[in-house]
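Colleague: Please read through the structure below; I'll follow up with questions.
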Amino acid sequence: MREANVQKRMNKGSGMRGDNVTGMCVAGVNAAGVPGMRWLRVALVLGLSVMVLPAVLAQKSDAAQPLHRLELRADGGLLAPVGGTSGIMNTGWNVGGSVGYRLSRRLSLRVDGQYGRAGVGDSVLRFELFPSGHYQLWVSTLNLAYTYWKHGRYSGYVSGGGGYSRILTTFSGSATSANCYLLCICPEGCIAATGSGTAIYHYSSNQPAIDGAIGFMRQFRFRSRLFVEARFENLDENSSLAPHKNVEAMPVVVGLEW
88 MREANVQKRM NKGSGMRGDN VTGMCVAGVN AAGVPGMRWL RVALVLGLSV
138 MVLPAVLAQK SDAAQPLHRL ELRADGGLLA PVGGTSGIMN TGWNVGGSVG
188 YRLSRRLSLR VDGQYGRAGV GDSVLRFELF PSGHYQLWVS TLNLAYTYWK
238 HGRYSGYVSG GGGYSRILTT FSGSATSANC YLLCICPEGC IAATGSGTAI
288 YHYSSNQPAI DGAIGFMRQF RFRSRLFVEA RFENLDENSS LAPHKNVEAM
338 PVVVGLEW
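In terms of the numbering used here, the sequence shown opens at residue 88 and continues consecutively.
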């Protein structure tokens, strides 16, 4: 009897120990797993914060800055002929400026002024019988500009509009009977007008113009911005020098905005 009772107590004791050990093992797994899940959640929150917080702060800082309505721009660069103008005009240079009014943080209304100068193409010089010549382009347009992309200090914009253009074509060179006859003036008149053997002939055209541009900008301190812009200009031209009845040019410029 004593042996049976002892054995029974040992079985009960071992069973209790087994349950306790099993419970302790399960509790240990849960206790180890909970801190691991917490660290994973903390890491996820930190990762999302690193990705989202800069954008939110940038939007808040941009919205917190006062909106300066007046906009001033100045630029300079190359003037490249495109389309049908490639055969009558060489690559030249271009300068410009504008005054604008910011309607909102993304929309501006600008009055643009551009001046460009480029050489006359060889085919036109051969036809006109002059060794040299150049074009001067004055373009004044009213444009609407829209900032379609902005990230931190960088932004992208597009603009477009229409206005007025003046194209002055100048030919110069030695006075000969051929080119003076072509221009309906005699050699003596050319020489007498210039005091030498140089003939100078001007032709101007004042016509409507349309333009469009795309540009990228970087913000600096003190409200200044550096921008790079490519602009397409389509200028009506009422002369035989433009076979397609218009002049197409593309100023590619670098400038500052305040």
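Note that CB positions come from ideal geometry on N, CA and C, so glycine has one too. Since the structure is predicted, the reported quantities are computational estimates derived from the model, not experimental observations.
Can you name the residues that DSSP bridges to residue 338?
Modeller: 166
Colleague: Would you mind stating whether residue 172 and residue 335 have Cβ atoms separated by less than 7 Å?
Modeller: Result yes, Cβ atoms of residue 172 and residue 335 sit closer than 7 Å.
Colleague: I'd like the list of long-range same chain contacts for residue 297, defined as Cβ closer than 6 Å, with 5 residues on each side in sequence excluded.
Modeller: Once the five neighbours on either side are set aside, the close Cβ partners of residue 297 are 249, 321.
Colleague: Quick one: any contact between the region 253 to 260 and the region 299 to 308, if contact means 3 or more CB pairs under 8 Å?
Modeller: Because the criterion of three Cβ pairs below 8 Å is not met, the region 253 to 260 and the region 299 to 308 do not touch.
Colleague: In its own chain, which residues sit with a C-beta less than 8 Å from the C-beta of residue 291, not counting the 5 before and 5 after it?
Modeller: Apart from the 5 residues on each side of it in sequence, residue 291 sits with its Cβ closer than 8 Å to the Cβ of 253, 254, 255, 256 in its chain, given in chain order.
Colleague: Could you give the residue range of the alpha helix (DSSP H) that holds residue 212?
Modeller: Residue range 209 to 215 is occupied by the alpha helix (DSSP H) that includes residue 212.
Colleague: Can the beta-carbon of residue 193 be found less than 7 Å from the beta-carbon of residue 234?
Modeller: yes
Colleague: Per DSSP, residue 230 is paired with what?
Modeller: 197, 248
Colleague: Could you name the residues of the same chain whose beta carbon sits closer than 6 Å to that of residue 244, not counting the 5 residues immediately before and after it, in chain order?
Modeller: 232, 234, 302
Colleague: In angstroms, rounded to a whole number, what distance separates the CA positions of residue 237 and residue 299?
Modeller: 20 Å
Colleague: Could you check what DSSP says for residue 178 in three-state terms: helix, strand or coil?
Modeller: Coil at residue 178, not helix or strand.
Colleague: Using only alpha-carbon positions, find the residue among 174, 159, 166 that is nearest to residue 318.
Modeller: 166
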